[in-house]
Amino acid sequence: MGAFSKAKIEWAPFAVCAPTEKAPYPRSLTTPEGLGDRLRFVAFAEKQAENAFFLAAHSYPALPESVKNTWLELSREEAKHLSWLLARMKELGVDPAARPQSLALWNSFDRCSTASEFALFMANAEERGRIAGEQFYETLLKTDSVTGELFRKIAEEEKMHIALARSVMQDLGI
Ligand SMILES: [Fe+2]
Ligand SMILES: [Fe+2]
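Going by this note's numbering, the letters in the sequence shown line up with residues 24 to 197, in that order.
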């Protein structure tokens, strides 16, 4: 469809990689820099999810009203997660723009040529994000329980998103 890669998105406060640039590899999670890298990466994933749901709700033709409304609701929920993560980054002095983020995942949304394909793609992405969040929580339990707890809380809410994704798939007849 090309609607995603061609959309004009304001990625601030993040910096994004140039088309041929590779994102730097994250540093060790046992260092403050490495924790900053994870926070930045997860926050950017929320920013992409916010924009993807919003764009999908307005781009796919003949979308059932129920699906459109669910995607707009999910867009707002991902924006909330983003704001939580940015607040924690501010507390820790992590600059969102310190390292560029890859747009590879974002550009791959273009491959979702139908609403059903997008719904399946996002359901899988949400599940991967939920699992990663739970793993971060367990890793951070001893070193930074505040950030760990934030990852856990977000992972918990992603369960709700996955349930909503199932209802969307039903409405789309998948
Ligand atoms: Fe989220
Ligand atoms: Fe989500």
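Where is the CB? At the ideal position from N, CA and C, for every residue including glycine. Since the model is a prediction, treat every value here as computed from it, not as a measurement.
Query, Result
"Contact the stretch 98 to 114 vs the stretch 67 to 84: 3+ CB pairs below 8 Å", "yes"
"Residue of L126, F37, R50 and A148 minimising C-alpha distance to A120", "F37"
"Beta-carbon contacts of W94 that lie in its chain and below 7 Å, excluding the five residues immediately before and after", "F76, A79 and A80"
"beta-carbon A72 near ligand 2 non-hydrogen atom, thresh 7 Å", "yes"
"Sequence-distant residues of its chain with Cβ nearer than 6 Å to R61 (five each side left out)", "none"
"Strand pairing of Q124, partner residues [DSSP]", "V39"
"Counted within 10 angstroms of its Cβ, other Cβ atoms place E100 as buried (16 or more) or exposed", "buried"
"Residues near E180 by beta carbon distance below 8 Å, same chain, minus five either side", "E100 and H104"
"Buried or exposed (CB count within 10 angstroms, at least 16 for buried), I177", "buried"
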